[in-house]
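Working notes, structure below.
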Amino acid sequence: GAVVSQHPSRVICKSGTSVKIECRSLDFQATTMFWYRQFPKQSLMLMATSNEGSKATYEQGVEKDKFLINHASLTLSTLTVTSAHPEDSSFYICSAIDRNSGNTIYFGEGSWLTVV
Amino acid sequence: AQSVAQPEDQVNVAEGNPLTVKCTYSVSGNPYLFWYVQYPNRGLQFLLKYITGDNLVKGSYGFEAEFNKSQTSFHLKKPSALVSDSALYFCAVRAPSGNTPLVFGKGTRLSVIA
Chain A
170 GAVVSQHPSR VICKSGTSVK IECRSLDFQA TTMFWYRQFP KQSLMLMATS
220 NEGSKATYEQ GVEKDKFLIN HASLTLSTLT VTSAHPEDSS FYICSAIDRN
270 SGNTIYFGEG SWLTVV
Chain B
3 AQSVAQPEDQ VNVAEGNPLT VKCTYSVSGN PYLFWYVQYP NRGLQFLLKY
53 ITGDNLVKGS YGFEAEFNKS QTSFHLKKPS ALVSDSALYF CAVRAPSGNT
103 PLVFGKGTRL SVIA
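Residue numbers (the working numbering), protein chains in the order written: chain A, 170 to 285; chain B, 3 to 116.
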């Protein structure tokens with residue numbers, strides 16, 4: 170299947186700093202990517218839909234000024250957690266729609282964020 | 003609104019036995035249904051999907067799922083479980099049109115015991 174690369178896989182940052190997570194579709198173009206958050210032993214919670222060349226659509230309750238999403242190209246979306254706090258510590262997973270495979274959605278490997 | 007229910011938090015099965023992980027859905031119109039597997043500290047791996055056509059869908063690693071419209075179910079099955087199948091399994095649904103995201107069930111943890 171198609172490959173989605175997510176980087177970094179693990180990151181530790183200090184409270185108050187910002188951290189950027191990248192999501193790349195390696196062998197297909199993705200006009201739409203999705204960002205999820207997963208707490209331990211829980212399901213995935215959709216944070217936002219990222220559309221190439223336009224503003225992201227955020228789910229209710231997700232602070233758009235805190236979780237900045239940029240989808241500047243057809244293969245790259247970034248999530249920046251600004252002014253991070255310990256409660257932002259979580260597993261963040263991106264996914265992308267591959268139109269060449271019947272609109273299957275493929276996922277990155279996820280990024281563990283720990284805010285200390 | 004679409005939703006998915008996975009009624010079992012945990013499924014235990016002996017190696018070599020058949021396994022079933024249950025999923026029911028609620029969606030207006032024809033559903034797009036998916037199964038993903040997640041190993042510890044990893045992203046989700048695509049197993050299979052139902053869009054249209056045959057109700058029995060075959061996927062990766064010997065898994066299959068049967069779409070049952072009357073029961074609104076999409077149970078995941080495998081004839082003979084392996085210890086390496088132990089993982090967290092997610093059923094998901096999305097609307098058939100547009101760039102809509104997946105809506106996930108809460109997940110079912112499968113443990114295959116040797």
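Ideal placement from N, C-alpha and C gives every residue a C-beta, glycine not left out. A quick note: this is a predicted structure, and the numbers were derived from the prediction, not measured.
DSSP bridge partner residues for residue i (one or two, in chain order)
i	result
A/S242	A/L245
A/M216	Paired residues: none, contrary to the question.
B/T110	B/Y91
A/Y227	A/A217
Whether residue i touches residue j by CB criterion (8 Å)
i	j	result
A/M202	A/H240	yes
B/P98	A/T218	no
B/A67	B/L21	no
B/N14	B/S113	yes
B/L50	B/G61	yes
A/L282	A/V231	no
A/S252	A/S187	yes
B/K24	B/Q12	no
A/S259	A/Y275	no
B/V29	B/A94	no
A/E221	A/L237	no
A/S270	A/A171	yes
Assigned exposure category for residue i - 16 Cβ within 10 Å defines buried
i	result
B/L58	exposed
A/D267	buried
B/Y34	buried
B/Y27	buried
A/L248	buried
B/F92	buried
B/T54	exposed
A/G277	buried
B/G100	exposed
Spatial neighbours of residue i in its chain, beta-carbon cut-off 6 Å, leaving aside the 5 residues before and after
i	result
B/K79	T22 and E66
A/R179	W281
A/P255	V284
B/V39	Q47, L49, A89 and Y91
A/S257	As written in the sequence, residue 257 of chain A is Asp, which differs from the Ser given in the question. So the list reads V250 and V284, once near-sequence residues are dropped.
Cβ of residue i within 8 Å of any chain E Cβ
i	result
B/K108	The structure shown contains no chain E; its protein chains are A and B.
Other residues of its chain near residue i: CB distance less than 7 Å, five sequence neighbours each side excluded
i	result
A/K183	V285
B/S88	L112, S113 and V114
A/E228	L215, M216 and A217
Listed by chain order, chain B residues near residue i by CB distance under 7 Å
i	result
A/Q229	Within chain B, no residue comes near A/Q229; the closest Cβ sits about 13 Å away, beyond 7 Å.
A/I266	N101
Chain-ordered neighbours of residue i on chain A, where CB pairs are closer than 9 Å
i	result
B/K24	Ordered by position in chain A, no residue passes the 9 Å Cβ test against B/K24, which lies about 15 Å from the chain.
Residue i CB to nearest heavy atom of the ligand HEM below 7 Å
i	result
B/L84	For the structure depicted, the ligand HEM is absent and the ligand set is empty, with no information on it obtainable.
Closer than 7 Å at the beta carbon, the chain A residues around residue i
i	result
B/K51	T273
B/P103	F203, L215 and T218
8 Å Cβ cut-off: residues of chain B touching residue i
i	result
A/S212	F92, F106, G107, K108 and G109
A/G185	Correct list: empty, because the minimum Cβ distance to chain B is about 26 Å.
A/G279	N43, R44 and G45
Contacts that residue i makes with chain A (C-beta to C-beta distance below 8 Å)
i	result
B/F48	G170, T273, I274, Y275 and F276
Chain-ordered chain B contacts of residue i [CB-CB under 9 Å]
i	result
A/Q175	G45
Close beta carbons around residue i, own chain, < 8 Å, minus the five adjacent residues each side
i	result
A/I190	Q175, H176, P177, V180, T247, L248, T249, V250, Y261, C263, S280 and L282
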